[in-house]
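Chains as they are written, first to last, in the working numbering: chain V, -9 to 111; chain P, -9 to 111.
2 protein chains.
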Amino acid sequence: MTDPRPRPKPPFKITPVVFHVLLAMSEDSAHGYRIMQEIEERTRGSIRVGPGSLYFTLNRLQEAGMIRETPGPEGDDGDARRKYYRLTEFGRAILGSELEVLTEIVELAREKRLLRDEGVA
Amino acid sequence: MTDPRPRPKPPFKITPVVFHVLLAMSEDSAHGYRIMQEIEERTRGSIRVGPGSLYFTLNRLQEAGMIRETPGPEGDDGDARRKYYRLTEFGRAILGSELEVLTEIVELAREKRLLRDEGVA
DNA sequence: GCCTGTATATCAGTTATGGATATAACGATA
DNA sequence: TATCGTTATATCCATAACTGATATACAGGC
């Protein structure tokens, strides 16, 4: 039960909002408004991030070096208002570390038969 | 991407603290102080719930019918100060629902190779 | 009997979040 | 080109949640 590998230490607490913002950027770069929508879609509306939390969180993540601003994706000259961000290596490490914790929790839940699905599986 | 089964609707937000308290009670009944310790142990100190959040959360969970007070476990006449709680069916359903969301996130993370481990697996 | 640890409880200060509001640019369309 | 709804970033404020300090008291070892 000892930690096999040191976890990167986040400079502030990784709240659900922070986590989901990082996760929403894990594949492509993304801009704020899109992140808002994606979180709501993926969690089927159970988590809704308002503009207050969102832009506050984006600034914080950028200051902490977990994301950085990038030019938009290839061929996107669409909307000049958009600001695109992408995960840094550090941000990716933090996200990975958080996901490990979640993975352990999910495994524990399976062992204890806490999920409504997969009763036998 | 539509929800195959309606989720039980929690009467308030299931924050990390709330979630971990529910999880800590999923097997046996438990008392407050023990829950505090267990959360700290299982998350290897990365989540620490102080007495403020804990007892506030326990009261709230009880009012909402997610946990209920019970007599201590068989053969425990140890410490009269302890208050033991156990999950209700409703509480178990809420916990299960939250775990489903986490399970989906973990699966997504695996597909996207976001975990530091299991690169090939 | 005294001290440390266990146990519940409350309170105050801080931090995080959500909703309202502001501003403006975009796209469609009339 | 005027107008309207949507997209998009940004700030502010009220509320919600959390942390740490403090209080109280019992248990067990010495």
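C-beta: ideal position from N, C-alpha, C; glycine also.
- Query: Candidates P/LEU77, P/THR5, P/GLU17 and P/GLU59: which alpha carbon is nearest P/VAL39's?
  - Reply: Among P/LEU77, P/THR5, P/GLU17 and P/GLU59, the Cα nearest to that of P/VAL39 is on P/THR5.
- Task: Could you check the C-alpha separation between V/ALA162 and V/ALA70 for me, to the nearest Å?
- Result: For residue 162 of chain V there is no data in the structure shown, the boundaries of chain V being -9 and 111.
- Whether P/TYR45 touches P/GLU59 by CB criterion (7 Å): Against a cut-off of 7 Å, the Cβ pair of P/GLU59 and P/TYR45 comes out as no contact.
- Item | Backbone CA spacing between P/THR93 and V/ARG103 [nearest angstrom] | Linking P/THR93 to V/ARG103 through their CA atoms gives a straight-line distance of about 13 Å.
- Inspect the beta-carbon positions of V/LEU105 and V/LEU12 and report whether they are closer than 7 Å. No, they are not a contact pair.
- Query: Within the 7 Å Cβ cut-off, does P/ALA99 reach chain V?
  - Reply: Residue-level contact by beta carbon holds for P/ALA99 and chain V, with a gap shorter than 7 Å.
- Message: Does chain V have any CB closer than 7 Å to the CB of P/THR47?
- Response: It does not; no Cβ of chain V falls within 7 Å.
- Within 7 Å (strictly less), CB to CB, does P/LEU44 reach chain V? For P/LEU44, the nearest beta carbon of chain V is not closer than 7 Å to its own beta carbon.
- Query: Helix, strand or coil: how does DSSP classify V/VAL76 here?
  - Reply: Inspection of the sequence shows that residue 76 of chain V is occupied by Arg rather than by Val. Looking at V/ARG76 - three-state DSSP - the assignment turns out to be strand.
- Any chain V beta carbon closer than 7 Å to P/GLY81: Under the Cβ distance rule, P/GLY81 does not count among the residues neighbouring chain V, no pair being separated by less than 7 Å.
- Could you tell me whether any Cβ in chain V is nearer than 7 Å to the Cβ of P/THR78? Chain V, which has no Cβ nearer than 7 Å to the Cβ of P/THR78, makes this no.
- Item | Proximal residues of chain V, C-beta to C-beta of P/ARG106 below 8 Å | At a C-beta separation below 8 Å, P/ARG106 has these neighbours in chain V: ARG(-5), ALA83, GLY86, SER87 and GLU90.
- Item | Helix, strand or coil at V/THR60 according to DSSP, with G and I counted as helix | Under the three-state reduction of DSSP output, V/THR60 falls in the strand class.
- Roughly how many angstroms lie between the CA atoms of P/HIS21 and P/GLY81, to the nearest whole one? Rounded to the nearest angstrom, the two C-alpha atoms are 16 Å apart.
- Item | chain P residues whose Cβ lies nearer than 8 Å to that of V/SER19 | Among the residues of chain P, none has a CB under 8 Å from the CB of V/SER19; the nearest is roughly 15 Å distant.
- Query: Quick one: Cα of P/ASN49 to Cα of P/ARG32, how far?
  - Reply: Approximately 23 Å, taken between the alpha carbons.
- Message: Less than 6 Å between C-beta atoms, sequence neighbours within five positions excluded: which residues of the same chain meet that for P/PRO0?
- Response: Excluding positions up to five away in sequence, the list reads ILE84.
- Measuring alpha carbon to alpha carbon, tell me which of P/THR47, P/GLU97, P/LEU77 and P/GLY42 ends up nearest P/GLU17. Ranking the options by Cα distance to P/GLU17, first place goes to P/LEU77.
- Task: Take the Cβ of P/GLU90 as the centre, count every other Cβ of all protein chains shown within 10 Å, and call the residue buried at 16 or more, exposed below.
- Result: Buried, since its Cβ has 16 or more Cβ neighbours within 10 Å.
- Query: If contact means a Cβ-Cβ distance below 8 Å, which residues of the segment -3 to 8 of chain V contact chain P?
  - Reply: Shown in chain order are the members of the segment -3 to 8 of chain V whose Cβ falls below 8 Å from a Cβ of chain P: ARG(-3), THR5 and PRO6.
- Task: State yes or no: is the C-beta of V/GLU88 within less than 7 Å of the C-beta of V/PHE2?
- Result: In this structure, V/GLU88 sits away from V/PHE2, with a CB-CB distance that is not shorter than 7 Å.
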